[in-house]
Amino acid sequence: MASAPASISSTTDTQDMYKDTEDDSNATATTDFQTVTNDEPSSQAKTAEAPDQLLQISSDDAAFNDAPDGGYDAWMTVVACFVAHMICFGPEYSYGVFTKYYLDQGLGSASAISIVGGLGAASVNIIGIFTTTLMSKFGYQRIIIIGATLYLMGFLLASFCGKSLPLLCLTQAIMYGVGASFAYYPCLSIPNQYFAKKRGIAMGIGVAGSGVGGVIYSLGTQQLLNSVGFEWTMRITGIFSFMCLLAIVPFVKERIPPTASESKADFSVFRNVKFNMLLFCILFFCLSFYIPTYYLPDYAVSALQIDITSASYLLTAHNGSAILGRLLIGFIADLFVGRMNALIGVIILHSLSTLIWVFANNLPVLYTFTLLNGFMSGAYWVVFPVVVAEMFGVSKLGGLVGILYTMNAFGALLGPSIAGAFRDSVGYVGLILFCGALTLASTVFALMARLMFDRTVWKRV
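The sequence shown begins at 300 in our numbering and counts up one residue at a time.
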C-alpha cells in the first residue's frame with residue numbers, strides 16, 4: 300500500500316507551470332483546480348479572479364516551503380513517519396505468510412483468501428479522504444490514538460476468528476485497515492511541514508519504514524505461527540503494533556495547523572486530463588502491486604518445492620529491497636533524472652521484472668525477480684506523490700493524494716483476487732502474465748502524463 304510526498308517544486312516552479320500552460324493556445328489554464336479553456340469568452344470578473352487564485356496557490360505553497368529543514372522536532376517527524384509506515388504496512392506487505400497458512404488450513408480458495416488481505420489494504424486507502432478531513436477537525440495526535448486502538452482491537456478479535464474468513468474480513472481486514480489509515484495519514488503528512496529542500500531525503504527515509512515493516516512482520520509472523528500458533532500470533536502482533544503507534548504520538552506536532560480547504564478533496568480536479576492520466580497510472584499499478592507479496596511464498600512451495608519457512612524469506616528479500624528503493628530513488632530523482640522521468644523508469648523496470656518471474660523455475664532466478672520487483676515497488680511510493688506535487692503544487696496535496704490513493708484500495712481488493720482466480724484455474728503462468736499486463740498499462744498512462752506535462756522527451760523533468 301502505500302507512500303509519501305518527497306521533494307516538491309518551489310513556488311516559482313508552480314507559477315511557471317501555469318505560465319507555460321497559458322502559452323499553448325489549445326491548453327487549459329487550471330487555477331485552484333478549476334479548469335477554464337483559453338479560447339472561451341472570458342468576462343472581466345474572470346480576468347480579475349485568475350491572478351488572485353494564482354496568488355492564493357503560491358501563498359499556500361510558500362507556507363509549506365518556508366520550513367526549518369532540520370532540527371530535533373523536524374527529524375522526529377521523520378522517525379514518526381518511519382514507524383507509522385512500518386506498523387501500518389507491515390501486515391499488508393507480509394500477508395503472503397497468512398495466504399499460505401490459510402490455504403494449508405483449508406479456509407478457502409486462493410482467490411477467496413486473498414480477499415482478507417485485499418480488503419485490509421483497501422480499507423487503509425479507501426477512507427483516506429475521510430481521514431484527512433478528520434485530521435483538520437480534530438488534530439493529528441487524536442486521530443493516531445483512535446487509529447492505534449482500532450488496529451489493536453482488530454488483531455485481538457481476529458485471534459478468535461481463525462476458522463472463519465468472513466470474520467477475518469471484519470477484524471484482520473476492515474478494523475485493522477481503518478485503524479492503520481487513521482494512524483498513517485497524519486504521519487504521512489507531518490514531515491512536509493518541516494522539510495522543503497530536504498523533503499525528498501526526509502520522505503525517502505520515512506516511507507522506507509514500510510519495507511522494514513514487511514521484513515519484520517514476514518519473519519515474525521512465520522516464526523510466531525510455528526512457535527505459539529495463530530491465536531497468540533495475532534495477539535502479540537496487535538499489542539506490539541499498538542505500543543509502537545502510541546510511542547510516536549508526541550512527535551507528530553503540527554507546525555502549520557491544517558485547514559479544511561487543505562485536507563478537503565476537490566473533485567473538480569477530475570476535469571484535468573493530466574490528473575486522470577495519473578489516476579489510471581496508479582490504478583493499474585496497484586492492481587499488480589500486491590500480487591507478488593501475496594503469492595510468492597505459495598509459488599515457491601508449490602512450483603519449486605521449497606519449505607514454507609524458506610519461502611517466507613522471499614517476502615523478507617522483497618521488502619528488504621523495497622527499503623533500498625525508497626531510500627535511493629529520492630536522490631536519483633532529485634539529483635539526476637528528474638521526478639517524472641524517475642517515475643517512468645521505475646514503472647518500466649517494475650513491468651520488466653515480471654518477465655523474470657515467468658522464467659523463475661529455480662530459486663536464484665526467483666530471488667532475482669524478487670529483489671528487482673521489490674526495489675521498484677518501494678521506489679514507486681516515494682516518487683509518485685512527488686510527481687503529483689510537481690504537477691499541481693503542494694498546498695492541496697493532502698486532498699489529491701487522498702483521491703489518488705483510493706485507487707490503491709481498488710487495486711488491493713481486486714488485483715490479488717483476480718490473480719488468485721487465474722492461479723486456481725490456469726496456474727501461475729496466467730497469474731504472472733496478468734500481473735505483467737497491468738504494469739504495462741500503468742506504464743502507458745505514466746508516459747502520457749509525462750508528455751502532457753512536458754513534451755520535450757530528452758529533458759530532466
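For each residue, glycine too, the CB sits at the ideal point set by N, CA and C.
Problem - Host alpha helix (DSSP H) of alanine 472 (start-end) - result: Within the sequence shown, residue 472 is the residue found at index 173, counting from 1. Neither: alanine 472 is in no alpha helix (DSSP H) and is coded neither H nor E.
Handout entry: Meets three-Cβ-pair contact criterion under 8 angstroms: the segment 578-595 and the segment 724-743
Key = Judged by Cβ distances under 8 angstroms, the segment 578-595 makes contact with the segment 724-743, as three or more pairs qualify.
Problem - Nearest candidate by alpha-carbon position, reference glutamate 476, set Ala736, Ala708 and His649 - result: Residue 476 sits at position 177 when you count from the first residue of the sequence shown. Residue identity differs from the one stated: residue 476 is glycine in this sequence, not glutamate. The candidate whose alpha carbon is nearest that of glycine 476 is Ala708.
Handout entry: Reduced DSSP secondary structure (H/G/I, E/B, other) of glutamate 530
Key = For the purposes of this step, residue 530 is taken as the residue at position 231 of the sequence shown. Secondary structure at glutamate 530: helix, using DSSP grouped into helix, strand and coil.
Practice task
Grab me the residues of alanine 641's own chain with a C-beta within less than 7 angstroms of its C-beta, minus the 5 sequence neighbours each way, in chain order.
Solution key: Walking along the sequence shown from the start, residue 641 turns up at place 342. If we look at alanine 641 and ignore the five residues flanking it on each side, its Cβ neighbours are Ile628, Ile631, Ala632 and Val682.
Practice task
Could you tell me which of Ile504, Leu464 and Ser540 sits nearest to alanine 482, measuring between CA atoms?
Solution key: Locating residue 482 in the sequence shown gives position 183, counting from the first residue. The candidate whose alpha carbon is nearest that of alanine 482 is Ser540.
Exercise for the section: For glycine 389, count neighbouring C-beta atoms within 10 Å of its own C-beta (all shown protein chains included) and say buried if the count is 16 or more, exposed if not. Expected result: Working through the sequence shown from its first residue, we reach residue 389 at position 90. With a 10 Å radius around the Cβ and a threshold of 16 neighbouring Cβ atoms, glycine 389 comes out buried.
Exercise for the section: Would you mind stating whether threonine 667 and phenylalanine 550 have Cβ atoms separated by less than 8 angstroms? Expected result: Taking the first residue of the sequence shown as position 1, residue 667 is located at position 368. Taking the first residue of the sequence shown as position 1, residue 550 is located at position 251. When the beta-carbon positions are compared, threonine 667 and phenylalanine 550 stay at least 8 angstroms from each other.
Exercise for the section: Can you tell me which of Leu402, Ala507, Glu391 and Leu487 puts its alpha carbon nearest to the alpha carbon of phenylalanine 454? Expected result: As a position in the sequence shown, residue 454 is number 155, starting the count at 1. The option with the nearest alpha carbon to phenylalanine 454 is Glu391.
Problem - Beta-carbon proximity list for lysine 345, same chain, < 6 angstroms, skipping 5 on both sides - result: On the sequence shown, position 46 is the one that residue 345 refers to. With a pLDDT of 38 at lysine 345, under the threshold of 50, the modelled position of this residue cannot be trusted; read the value that follows with caution. Sequence-distant Cβ neighbours of lysine 345 in its own chain, meaning closer than 6 angstroms and more than five residues away, do not exist here.
Practice task
Have a look at tyrosine 439 and asparagine 672 and give me their C-alpha separation to the nearest angstrom.
Solution key: Residue mapping note: residue 439 aligns to position 140 of the sequence shown, counting from 1. Residue mapping note: residue 672 aligns to position 373 of the sequence shown, counting from 1. Approximately 33 angstroms between the Cα atoms of the pair.
Exercise for the section: Examine the Cβ distances between the segment 497-507 and the segment 397-409 and report whether three or more of them are shorter than 8 angstroms. Expected result: Contact check between the segment 497-507 and the segment 397-409: fewer than three CB pairs, one atom from each, fall below 8 angstroms, which does not count as touching.
Problem - Whether cysteine 468 touches isoleucine 412 by CB criterion (8 angstroms) - result: As a working mapping, residue 468 is identified with position 169 in the sequence shown. As a working mapping, residue 412 is identified with position 113 in the sequence shown. The beta carbons of cysteine 468 and isoleucine 412 sit no closer together than 8 angstroms.
Exercise for the section: Grab me the residues of serine 650's own chain with a C-beta within less than 7 angstroms of its C-beta, minus the 5 sequence neighbours each way, in chain order. Expected result: Taking the sequence shown and counting its residues from 1, the one referred to as residue 650 is at position 351. Closer than 7 angstroms at Cβ, skipping near neighbours: Gly735, Thr738, Leu739 and Thr742.
Handout entry: Which of helix, strand or coil DSSP assigns to isoleucine 555
Key = Position 256 of the sequence shown, counting from 1, holds the residue named residue 555. Isoleucine 555: coil per DSSP, three-state reduction.
Exercise for the section: Within 10 angstroms of the Cβ of leucine 613, are there 16 or more other Cβ atoms? Answer buried if so, exposed if not. Expected result: Counted from its first residue, the sequence shown places residue 613 at position 314. The residue is buried, with at least 16 neighbouring Cβ atoms inside 10 Å.
Problem - Three-way DSSP call (helix, strand, coil) for arginine 759 in this model - result: Indexing the sequence shown from 1 puts residue 759 at position 460. Of the three classes helix, strand and coil, the one that applies to arginine 759 here is coil, per DSSP.
Exercise for the section: Could you tell me whether the Cβ atoms of phenylalanine 529 and methionine 639 are closer together than 8 angstroms? Expected result: Within the sequence shown, numbered from 1, the residue matching residue 529 stands at position 230. Within the sequence shown, numbered from 1, the residue matching residue 639 stands at position 340. Taking 8 angstroms as the Cβ cut-off, phenylalanine 529 and methionine 639 do not qualify as a contacting pair.
Practice task
Over the uninterrupted alpha helix (DSSP H) stretch that includes glycine 619, give me the two end residues.
Solution key: Residue 619 sits at position 320 when you count from the first residue of the sequence shown. Run containing glycine 619: 607-631, per the alpha helix (DSSP H) assignment.
Exercise for the section: With distances taken Cα to Cα, identify the nearest neighbour of valine 423 among Ser676, Leu703 and Lys552. Expected result: As a first step, residue 423 is located in the sequence shown; it is residue number 124 there, counting from the start. For valine 423, the nearest C-alpha among the options comes from Leu703.
Handout entry: Coarse secondary structure for isoleucine 717, derived from DSSP in three states
Key = Here residue 717 refers to the residue found at position 418 when the sequence shown is read from its first residue. Correct three-state label for isoleucine 717: helix.
Exercise for the section: Leaving aside the five residues before and after tyrosine 727 along the sequence, list all residues of the same chain whose C-beta is less than 7 angstroms from its C-beta, in chain order. Expected result: Taking the first residue of the sequence shown as 1, we reach residue 727 at position 428. Residues of the same chain with a CB within less than 7 angstroms of the CB of tyrosine 727, apart from the 5 flanking positions on each side, are Tyr598 and Ala602 in chain order.
Exercise for the section: For glutamine 404, count neighbouring C-beta atoms within 10 Å of its own C-beta (all shown protein chains included) and say buried if the count is 16 or more, exposed if not. Expected result: Against the sequence shown, residue 404 aligns to sequence position 105. Exposed, since its Cβ has fewer than 16 Cβ neighbours within 10 Å.
Exercise for the section: Would you kindly work out how many angstroms separate the C-alpha atoms of isoleucine 655 and lysine 552, rounded to a whole number? Expected result: Along the sequence shown, read from residue 1 onward, the residue named residue 655 stands at position 356. Along the sequence shown, read from residue 1 onward, the residue named residue 552 stands at position 253. Whole-angstrom Cα-Cα distance: 45 angstroms.
Practice task
Please state if the CB of glycine 427 and the CB of threonine 265 are separated by a distance shorter than 8 angstroms.
Solution key: Nothing can be reported for residue 265, as the shown portion of the chain is limited to 300 through 760.
Practice task
Please determine, among Val686, Leu595, Ala373 and Ile535, the residue with the shortest C-alpha to C-alpha distance to leucine 730.
Solution key: For the purposes of this step, residue 730 is taken as the residue at position 431 of the sequence shown. Checking every option, the nearest Cα to that of leucine 730 belongs to Leu595.
Handout entry: Cβ shell of valine 700 (< 6 angstroms), same chain only, five flanking positions each side left out
Key = If you number the sequence shown from 1, residue 700 lands on position 401. Only Pro684 meet the Cβ criterion.
Handout entry: Whole-Å CB distance - threonine 592 paired with histidine 617, under 8 angstroms assumed
Key = Counting from 1 along the sequence shown, the entry for residue 592 is found at position 293. Counting from 1 along the sequence shown, the entry for residue 617 is found at position 318. Taking C-beta atoms under 8 angstroms as the contact rule, threonine 592 and histidine 617 qualify, at a distance of about 6 angstroms.
Handout entry: Neighbour-count burial assignment, valine 725, 16 or more Cβ in a 10 Å radius
Key = Numbered from its first residue, the sequence shown carries residue 725 at position 426. Exposed: under 16 other Cβ atoms inside 10 Å.
Handout entry: Closest residue to serine 458 among Ala472, Ala447, Asn491 and Met690 (Cα-Cα distance)
Key = Mapped onto the sequence shown, residue 458 falls at position 159. The candidate whose alpha carbon is nearest that of serine 458 is Ala472.
Problem - Cβ neighbours of arginine 749 in the same chain (closer than 8 angstroms, five flanking residues each side left out) - result: In the sequence shown, residue 749 corresponds to position 450, counting from 1. Close CB contacts of arginine 749 within its chain, under the 8 angstroms cut and outside five residues either way in sequence, are with Met639, Asn640, Leu642, Ile643 and Val760 (chain order).
Handout entry: Close Cβ partners of isoleucine 547 (< 6 angstroms) along its chain, the five nearest in sequence each way excluded
Key = Mapped onto the sequence shown, residue 547 falls at position 248. So the list reads Ala379 and Val382, once near-sequence residues are dropped.
Exercise for the section: Classify phenylalanine 494 as helix, strand or coil using the three-state DSSP reduction. Expected result: What you label residue 494 is simply residue 195 of the sequence shown in a count that begins at 1. Coil.
Exercise for the section: Take the Cβ of serine 488 as the centre, count every other Cβ of all protein chains shown within 10 Å, and call the residue buried at 16 or more, exposed below. Expected result: Position 189 of the sequence shown holds residue 488. Classification for serine 488: buried.
Problem - Secondary structure of aspartate 368, DSSP reduced to three states - result: Within the sequence shown, numbered from 1, the residue matching residue 368 stands at position 69. The three-state reading of DSSP puts aspartate 368 in coil, since its state is none of H, G, I, E or B.
Handout entry: Cβ-based neighbour list, leucine 578, same chain, cut-off 7 angstroms, excluding 5 preceding and 5 following
Key = As a first step, residue 578 is located in the sequence shown; it is residue number 279 there, counting from the start. Cβ neighbours of leucine 578 beyond the five flanking positions: Leu703 and Met706.
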